[in-house]
Amino acid sequence: MKDAAPVQPVAKYRKDYTTPSHNILDIDLVFKLHQTQTVVVATSTVLANDGATSLSLVGEHLELKAVCIDGVDWSDYELNDEGLVISNLPDQFDMSITTELNPSANTALEGLYLSDGAFCTQCEAEGFRRITYFLDRPDVLAKYTTTIEADKEGFPFLLSNGNKIAEGELENGRHWVKWQDPHPKPSYLFALVAGYFDQLVDSFTTRSGRNVALEIFVDKGNLNRAHHAMLSLKNSMKWDEERFDLEYDLDIYMIVAVDFFNMGAMENKGLNVFNSKYVLADQASATDKDYLGIEAVIGHEYFHNWTGNRVTCRDWFQLSLKEGLTVFRDQEFSSDLGSRPVNRINNVRIIRGPQFAEDASPMSHPIRPDKVIEMNNFYTLTVYEKGSEVIRMIHTLLGEESFQSGMKLYFERHDGTAATCDDFVSAMQDASGVDLSLFKRWYSQSGTPVVTVTDEYDAIRKTYTLNIRQYTAPTATQEDKLPLHIPFDIELYRQDGSVIPLVTDAKPVDSLLQITKESHSFVFEQVDEKPTPSLLREFTAPVKLEYDYEESQLVHLMKCSTNEVSRWDAGQTLLAQYIKHAVNEGVDIELSDDVINSFKALLTDEGLDKAFVAEALTLPPHSEVSGWFDTIDVDGISKALKQLKLAVAKGLESELLATYQSLSGGEYDISHQSIAKRALRNTCLGFLSCLEEHQSLAEQHFEASDNMTDTIGALSAANQSDLASREDLMNAFSGRWSHDGLVMDKWFMLQGSKPSSDVLSKVKSAMEHSAFSMQNPNRVRSVLGSFFSNPYGFHAIDGSGYEFAGEMLARLNTTNPQVASRLIDPMLKFARYDEQRKQLMRQQLEVLRDTPNLAKDLFEKVEAALK
Ligand code: B3K
Ligand code: ZN
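All residue numbers in the sequence shown are consecutive under full-length UniProt numbering, ending with 867.
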């Protein structure tokens, strides 16, 4: 068996794109499935471009058995570090390649592997090369037929893309099924699953009247947990028809839930493979957040059928073409079905927290990266979430109608092909007539722009001037920055809460300001009093806003802004001012009466959506606050956040308690209203639990709970306030759920995030739990992922957390580099910490750098960080 990883990984550059030497028109795959020795025969019709006579195919972890050209055994080939080079080829030929692979040894979960005894594949980005030697690049689109042969008893279901066209029995208890996908696709969308499942069957009639069979496959015994996923799928199909005018294009849509999966899910044509976390849910085992996550991810993968599969990416540097756009679509789906403000708030939190942190890290990159060593490292918050913000800005600039015309034109031009980000922007520009030439810089420039606003009010002329400057600091790999086209929505408020109409040159003007240069001054007339500005409303651009708000202005906006996102934002800005002051000056937090009263007013306003109130009362997490400082004072931030929580709890005590009590009872369902009630009640519980006199509430809440949301609400409260009852509650939970890894992930996550210095020992004993497995990415992420961002454990000043992290990363480097590479991110930011922590983290990175056989996933990040 050949290990193809080169000694010194090489980078690929976007600028070096060339068209493929050959096209592959169709491929016929035959799999003989065996756990340790699977044989794959891949027969393709190949066409040379520009007279090429030699063909380089990539392949990894494969044993080559035979190469046949036009039915003749071919010896004119060479194996090298990357794969196979076949020479002396005619212009058009049939190529048959036989390979052998070992799925049971595949712990990286890329290519063909075993998940709890079921065969499954993951081919994006570059996993198909672990199945056969191929032109494994997204701009090679072929028609696939797939025959799967396996033992019938162990693997009654044999699934692949497209439609089932034949099946049969073999001797020795084996059987086979043949699938045909009529849509040409790149290799990363290929999928195969073979296993023993329960199957939930339903159907959907498309707008044009076609009947589509819907099938969800889950582990035996889990059928009753698949209904929400099915409902979400039908809702997605309907929504895409109504909002985007897009219909499904095959007769069958299958989803398989597997336990061993590196990410959330995968949009393989007609056969999605999902992490079971995003399929399985019922009242007892899933939180409301899980339910909403399932809806979003089912939607996301379904929406890829058009944005990703029908139009795919020319090369992997264009990943945001499909991911940014599809995230935008799933966010809109969730907003149309649920609460738009609450969805927006959560999206903004991700951008301002972890995405801004990524921008400020050594791995900072534009949404369309220029240089990649390991493509799996670029499935990032920048490509996905900032990518979605870029699409959202286009939507804001064009409006819904022109945006949809742009989508239509995009499909007219590029359906069935592999396109680029530039192609997308051109379609949007051509369909709308809006000039996006400057806007395109968002695709090539990395980093977070800072928009600084100052203002002047002229009481005599009744004019109000906003001076707006933009600046983007150099990032790790990009020194020079250019001004960006920033849509910047504003509103001006009078003291009485009314909105001042915007007038310039005696004419009404739009509230959406267009920032295109380094600095602008906008003068508004007929402003009858000094206004309170509401800036960057709805977060119209992924930028950091700097404006010197007075406390009274923020209190005013919290009360009277016409938009819930802005009210939330004003509250967050207020809290941020207190936190920054406390950390910078080393002083204690004391909230003013005005601030307490503003939060009290939100909490007691019966007219507000309770889910929104819960968000408004949620304090920024340590990770987000860390991003506000050049040098991160780990302990200072922890202290300030603890004090802030206590101050809010004390200031609002009776209202929190009254709200908590008023929201008890009621039948369980997952309507928005019920979810909102539980969210607010659990938020109140979190605050109350840090007060001495209410510490028994968490236990009562736990006992009384009839659903996982409340159970986790109780456990989180006990965990966050480190209550005496914590251990008992945690034990009770693991006693009930230790057989179910997916549910135990919640417990593992709580162990890893315990806010006290004994967390490392908790983590170590959690890893001894029977439900834990170092091979399962969900388990690893829940216990180690939470620990790696724990200020008390990971960042312990004696370095014990970093040392442990280093050991774990070294272990994962050999078994599952993709998971290791996701976990390492907090460590890459070592330069932002105090001297002592900086040195300790750096040491661990240096040990990793010198690790023999360092996977290129980690190599790329460690090198970038130590540079
Ligand atoms: N396209 C996949 C992600 C593949 C990640 C490969 N490391 C899921 C998604 O974004 O829908
Ligand atoms: Zn996606």
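Beta carbons are placed, not taken as given, at the ideal position from N, Cα and C, and that holds for glycine.
Looking only at C-alpha atoms, which of Glu564, Ala476, Gln661, Ala771 sits nearest to Leu828? Ala476
Could you pull the DSSP bridge partners for Asp26 from this structure? Thr45, Lys143
Please indicate yes or no: does the CB of Glu323 lie closer than 8 Å to some heavy atom of ligand 2? yes
Can you have a look at Lys677 and say buried or exposed, based on whether 16 or more other CB atoms are within 10 angstroms of its CB? buried
Comparing the CB of residue 869 with every heavy atom of ligand 2, is any distance shorter than 8 Å? Residue 869 is absent from the structure shown; the chain starts at 1 and stops at 867.
Taking Ala796 as part of the beta strand (DSSP E), name the residues at either end of that continuous run. Segment: none, Ala796 is in no beta strand (DSSP E) and carries neither H nor E.
DSSP state of His395 mapped onto helix, strand, coil: Reduced to three states, the DSSP call for His395 is helix.
What residues in its chain sit with their C-beta under 6 Å from that of Asp755, if we drop five residues either side in the sequence? Sequence inspection shows Pro at residue 755; the Asp mentioned does not correspond to that position. If we look at Pro755 and ignore the five residues flanking it on each side, its Cβ neighbours are Tyr792.
Looking at the structure shown, is residue 868 part of a helix, part of a strand, or coil, going by DSSP? The structure shown does not extend to residue 868, since the chain spans only 1 to 867, so no value can be given for it.
Whole beta strand (DSSP E) elements within the stretch 53-134, 3-residue minimum: 55-58, 63-69, 77-79, 83-86, 92-101, 111-115, 118-122
Using DSSP's beta-bridge definition, name the partner residues of Tyr802. Per DSSP, none; premise fails for Tyr802.
Does the stretch 618-625 come within contact of the stretch 343-361, defined as at least 3 CB pairs closer than 8 Å? Cβ pair count under 8 Å is three or more, so yes.
Quick check on the contact list: which residues have their beta carbon closer than 6 Å to a heavy atom of ligand 1? Glu124, Ala125, Met263, Ala265, Met266, Glu267, His300, Glu301, His304, Glu323, Asn376, Tyr379
Residues of its chain near Asn377, where Cβ-Cβ distance is below 8 Å and the 5 sequence neighbours each way are ignored: Met363, Ser821, Asp857, Glu860, Lys861
Here's a check: name, in chain order, each residue in its chain whose Cβ is nearer than 8 Å to the Cβ of Leu656, leaving out the five neighbours to either side. Result list for Leu656: Leu603, Ala649, Cys684, Phe687, Leu688, in chain order.
What's the C-alpha gap between Asn813 and Leu854? 7 Å
Considering only the beta carbon of each residue, do Val372 and Gly324 sit closer than 9 Å? No. Outside cutoff.
Could you check what DSSP says for Lys220 in three-state terms: helix, strand or coil? Correct three-state label for Lys220: coil.
Reducing DSSP to helix, strand and coil, say where Met1 ends up. Note that Met1 scores a pLDDT of 42, beneath 50, so its modelled location is shaky; the value from the coordinates is reported in the next line. Reduced to three states, the DSSP call for Met1 is coil.
Proximal residues to Val758 (C-beta, below 7 Å), its chain only, five neighbours per side dropped: The identity of residue 758 in the sequence shown is Asp, whereas the question assumes Val. Here the set comprises nothing.
If you follow the beta strand (DSSP E) that Arg469 is in, where does it begin and where does it stop? Per DSSP, the unbroken beta strand (DSSP E) holding Arg469 starts and ends at 463-472.
Own chain, CB closer than 6 Å to Val201, minus 5 neighbours either side, in chain order: Contacts found: Glu215.
Going by C-alpha distance, which of Ser405, Ala427, Asp510, Leu591 is nearest Arg413? Among Ser405, Ala427, Asp510, Leu591, the Cα nearest to that of Arg413 is on Ala427.
Taking only runs that begin and end inside the stretch 240-327, name each unbroken beta strand (DSSP E) of 3 or more residues, in chain order. As far as the stretch 240-327 is concerned, its whole beta strand (DSSP E) runs of at least 3 residues are 252-258, 271-275.
DSSP bridge partner residues for Asn163 (one or two, in chain order): Partner(s): Gln180.
Beta-carbon spacing of Leu319, Phe190 below 9 Å: no
Spatial neighbours of His556 within its chain, please: C-beta separation below 7 Å, excluding the five flanking residues on both sides. Tyr493, Thr532
Going by C-alpha to C-alpha distance, which of Tyr17, Trp306, Asp181, Val193 sits closest to residue 868? Since the first residue shown for the chain is 1 and the last is 867, residue 868 is missing from the structure and cannot be characterised.
Check: Val327 C-beta below 8 Å from any heavy atom of ligand 2: In terms of side-chain proximity, the C-beta atom of Val327 is found nearer than 8 Å to a non-hydrogen atom of ligand 2.
Taking 8 Å as the cut-off, is the CB of Gly293 close to at least one heavy atom of ligand 2? For ligand 2, not one heavy atom lies less than 8 Å from the Cβ of Gly293.
Simplified DSSP state of Leu723, which is helix, strand or coil: coil
Between Leu192 and Ile24, is the Cβ-Cβ spacing less than 9 Å? no
Between the Cα of Ser592 and those of Asn707, Lys600, Glu585, spot the shortest distance and give me the residue it belongs to. Lys600
Among the candidates Glu699, Phe733, Leu337, whose CA atom is the shortest distance from the CA of Ala717? Glu699
Span of the alpha helix (DSSP H), counted from its first residue to its last, around Gly752: Per DSSP, Gly752 belongs to the alpha helix (DSSP H) from 741-752.
Nearest-angstrom Cβ-Cβ length linking Ala66 and Thr38, presumed shorter than 8 Å: Ala66 to Thr38, Cβ: 15 Å. No contact.
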